[in-house]
Every structure is written in structure tokens, then in C-alpha cells.
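Visitor: I'd like to ask you about the structure that follows.
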Amino acid sequence: MALMSVVIPSYNEEANVARAAEVIGKTLREAGIEYELVFVSDGSKDTTFAIVKELSEQDVHVQGIQFSRNFGKEAAVFAGLEVAKGDCVAVIDCDLQHPPATLVEMYKLWEEGYEVVEGIKSSRGKESLIHKMFVGIFYGIMSKLMKLDMNATSDFKLMDRKVVDALLALTEKNTFFRALSFWVGFRSTSVSFEVQERVAGESKWSFMGLVKYAISNTTSFTTVPLQFITGIGFLSIIFSVIVGIQTLVKYFMGTAVEGFTTVIILLLIIGGCIMVSLGIIGHYLARIYEEVKGRPRYIISERTRGI
Ligand code: UDP
Ligand code: MG
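Residue 213 in the working numbering sits at position 66 of the sequence shown, and the numbers go up by one each step.
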């Protein structure tokens, strides 16, 4: 019989792990699916991992690893994929915002032969206005670049062993799991789900955290911002030629362009463009620097028995 692994990234989720294990386990048992739960405690500073260890002693289906510090959800997801033994692997949040019942639906689609089953949000649930706006801009850009509606996508998905192995074979350290599962291709389908309220605890994302996440995902996934710089460069050249000719003509006609104001404005605009461009290049340079160092994506400090 096929084994399904469920990877559950958990960061300071002591209020949720036991419930998540119980609810997800119960759902899968009732559906007659053979499963294992892989909790990845992302350097939690609370009792998350202690609870996972305790659960794993009572229930053979539960396993877990603990990171030596917080490495971020992406790292947690990939660590989970690495240790998961299932023929298919699902990733689900620990706070039960992703309904466990959908896992059964995903599993059935996998049995039908689909290799990637994406969880698509039918609504985004409760979020603050600023959050919504920011996420809207970010996903707007990403969707354009990837020609996919990224706004509704989530990290909630199920993948066949083949897909997991393909993802694990990628050597890059800066990953964007949500988009990579599209990038690898394979036979995919989606199920929509209603984002639930977080059962306990708080969202682990700060606004700055999200900004960093967006920048790192954009730069790790696409080089379009760099081409954007080239675009600005070309526009400036066209503009300079026109203004240059005009200036020369006026000069030879003896009516020089009046204009300290013009000079200052031009200087500011060009200065701004150069700074932003350098910044964009800097981000890519930083990415390259990080990748070149070749550090591991995460460090595991503890494991439960069985992994
Ligand atoms: N998470 C993680 N590492 C982090 C931040 C979050 O493993 O650095 C986990 C968290 O425990 C949860 C999931 O990722 O299971 C989603 O996080 P959260 O609910 O805070 O995000 P939101 O649902 O608000 O987008
Ligand atoms: Mg959540």
C-alpha cells in the first residue's frame, strides 16, 4: 500500500502541534490512507519539539526533526521533503489553516495519476488591508512573470515521489517552493480550499519579514528586474539623444537652454535610477554570494526515532 508523508513545518507552534497531529492523523486514518507525519520544528524556542518527541513515542506515525535555529519555512519544507519516505508527500501548515480534509482529496487525485496537486485558496482568509495590498502587488508581479495566477497558490500541496526527487535534485539554496512546484512541471491539477482561521498562536510573519521574503523570492526566481534596468538604460539613451540634439541646436542658435533647474532635476533623476539599479544588481550579487558559499540550507540538531 502506498505511503503518504505529510510534512508539517512548525515554528513555535506548541499550541498547535498536538492538535495538528491528532486532526490530520484522524482524517487520514478514517480515509484508510497509510501515512506518516513529519514535523519540522524550525528552530522553535518553545516546547514544540518536546511535544513532537512525546507524540512520536506514543504514535509510530509521528516523527520530527528540530533545526539548530530558525532557518525559515522554505528550509523547513525542504528538510521535510528530504526525510519523508512516502510515495507521495504533502506539505501542510501546522496551524490548521489548511483543512486536513483536503489532504484526502489530494490523495485521491494522486491515486488517479496526478503527480502534483496544488492547493488553491478559494479566499485568502482574514488578513489586514496593508498585508492584502502588499501581497497583491507581489503576486501581481510574480503572476505576470510566471504567467500563472500566483495570488491563489499556497504551500499546501501534494507531490509524487518523482516530483519530490526532482525538487531535491535542485542545487540552489534560495528556493521558492510555491513556484518551483510549477516550474518542475509534471502532470498537475489543483484543488481549492477555504483558508481557515489560525486555531491558536499568531502568524509568524512580520511585515518586514514579508518584504524580505518577496525580494528574495523574486530574485531567486527571475532575472526580469535586471532586464528592467537595461530598459531604463535604453529609455535614458533615447531621452538623452533627443535632449542632446535640442541643446546643441539651441547652443548654435545662440539661445542656450536656460536651466540650472533642468540640470538639477536631470541629475536627481539619473542619480536615483543609478542607485536603484545598483540596488537591484546588489540583490542578485547577494544571491550569487549566498549560493556560492554553498552552505547547507538548514542544520538539524535533533531527530525523533525513525528518521
Ligand atoms: N513557519 C516555519 N518557519 C518560519 C515561519 C513559519 O516553519 O520561520 C511555519 C509555521 O509554523 C506554520 C507555517 O509555516 O506552520 C505558516 O506560518 P504562519 O501561519 O505563521 O503564516 P501565515 O499562515 O500567516 O501565512
Ligand atoms: Mg498560518
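Every residue gets a Cβ at the ideal spot worked out from N, C-alpha and C, and that includes glycine.
(1) I need the DSSP call for residue 235, collapsed to helix, strand or coil.
(2) Tell me the rounded alpha-carbon separation between residue 320 and residue 311.
(3) Under a Cβ-count criterion, where at least 16 other Cβ atoms within 10 Å of its own Cβ denotes burial, should residue 354 be classed as buried or exposed?
(4) In the DSSP assignment, the beta strand (DSSP E) including residue 306 goes from what residue to what residue?
(5) Helix, strand or coil for residue 268, going by three-state DSSP, please let me know.
(6) For residue 253, which of helix, strand or coil comes out of DSSP?
(7) Only counting the same chain, and skipping five residues up and downstream in sequence, which positions put a Cβ closer than 8 Å to that of residue 304?
(8) Candidates 183, 242 and 288: which alpha carbon is nearest residue 160's?
(9) In chain order, which continuous runs of the alpha helix (DSSP H) of length 4 or greater are located wholly inside the segment 169–252?
(10) Report yes if the C-beta distance between residue 235 and residue 148 is below 8 Å; otherwise report no.
(11) To which residues does DSSP link residue 336 through a beta bridge?
(12) Our contact map puts residue 217 next to residue 189 with C-beta atoms below 8 Å; I'd like the distance itself, whole angstroms only.
(13) Relative to the C-alpha of residue 248, which residue among 433, 299 and 342 is closest?
(14) Ignore the nearest five residues each way along the sequence and tell me which others in residue 193's own chain have a CB closer than 7 Å to its CB.
Guide: Quick look at the numbers:
(1) Taking the sequence shown and counting its residues from 1, one reaches residue 235 at position 88. Residue 235: strand per DSSP, three-state reduction.
(2) Numbered from 1 along the sequence shown, position 173 holds the residue referred to as residue 320. Numbered from 1 along the sequence shown, position 164 holds the residue referred to as residue 311. Rounded to whole angstroms, residue 320 to residue 311 spans 15 Å at the Cα level.
(3) Here the question's residue 354 lines up with position 207 in the sequence shown. Under this definition residue 354 is an exposed residue.
(4) Here residue 306 is taken as the residue at index 159 of the sequence shown, counted from 1. Element bounds for residue 306: 300–307.
(5) Translated into positions along the sequence shown, residue 268 becomes position 121. Residue state, collapsed to three classes: strand.
(6) Your numbering for residue 253 matches position 106 in the sequence shown. The answer is helix: DSSP assigns residue 253 an H, G or I state.
(7) Stepping through the sequence shown from its first residue, residue 304 is reached at position 157. Excluding positions up to five away in sequence, the list reads 237, 238, 253, 263, 264, 265, 266 and 328.
(8) The residue given as residue 160 occupies position 13 in the sequence shown. Closest option to residue 160, Cα to Cα, is 242.
(9) 195–205 and 220–230
(10) Residue mapping note: residue 235 aligns to position 88 of the sequence shown, counting from 1. Residue mapping note: residue 148 aligns to position 1 of the sequence shown, counting from 1. No.
(11) By one-based count along the sequence shown, residue 336 stands at place 189. Residue 336 pairs with 264.
(12) Start at 1 with the first residue of the sequence shown, and residue 217 comes out as number 70. Start at 1 with the first residue of the sequence shown, and residue 189 comes out as number 42. Rounded, the Cβ-Cβ distance is 5 Å, consistent with contact.
(13) Here residue 248 is taken as the residue at index 101 of the sequence shown, counted from 1. Measuring from the Cα of residue 248, the nearest candidate turns out to be 342.
(14) The residue you call residue 193 lines up with position 46 of the sequence shown. Cβ neighbours of residue 193 beyond the five flanking positions: 159 and 161.
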